[in-house]
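In our numbering, the protein residues as written are 48 to 231.
I have placed the structure first, in the form of structure tokens, so that the comments after it can refer back to it.
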């Protein structure tokens, strides 16, 4: 899986307008610590048993995280889009402006009235104004492994997504190809 992610990046990144940070491979121990911290965060909203039985990093996304790279798009010197490296994902997922959505999620969980998309999502990047990318990390959810583009929303606050992608690999390929195709 890791090799296919590397090949995808090597194939499409040079022709796109994206850049990548130098790889800083992430050890299995660091990835495990990252996963434990994310699971701990989500036990604030879901029962620990729910988190422990539902949590799983999609294989292709885990392979990307283990590379330790960040993919960015800059236009006229300003950052326009960012696909986070592993050490940025936790901060992005737990940022303060999600407090309202997360408080509402906690109330629904406590009342046992979860909505379709009330599950474990990670914020993996953003683009433009008000667009954030999320990946579903609930292995029992129909959206497991899919990436969504939340336009001015989070999965916990809305069931409307401006786009969704079948997998992280699909997302990354379309992202890099899109910029490449726009150049022609």
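Ideal Cβ placement from N, Cα and C applies to all residues, glycine included.
No experiment lies behind these values; they were computed from the predicted model shown.
query, result
"Residue 170 - partner residues in DSSP beta bridges", "181"
"Cβ-based burial, residue 200 [other Cβ within 10 Å; buried from 16]", "buried"
"Residue 148, enclosing alpha helix (DSSP H) - first and last residue", "146–157"
"Nearest-angstrom beta carbon gap, residue 109 and residue 78 [assumed within contact, 8 Å]", "7 Å"
"Residues bridged to residue 196 (per DSSP)", "180, 210"
"Cβ neighbours of residue 135 in the same chain (closer than 6 Å, five flanking residues each side left out)", "none"
"Of the residues 96, 214, 174, 147, the one placed nearest residue 106, counting alpha carbons only", "214"
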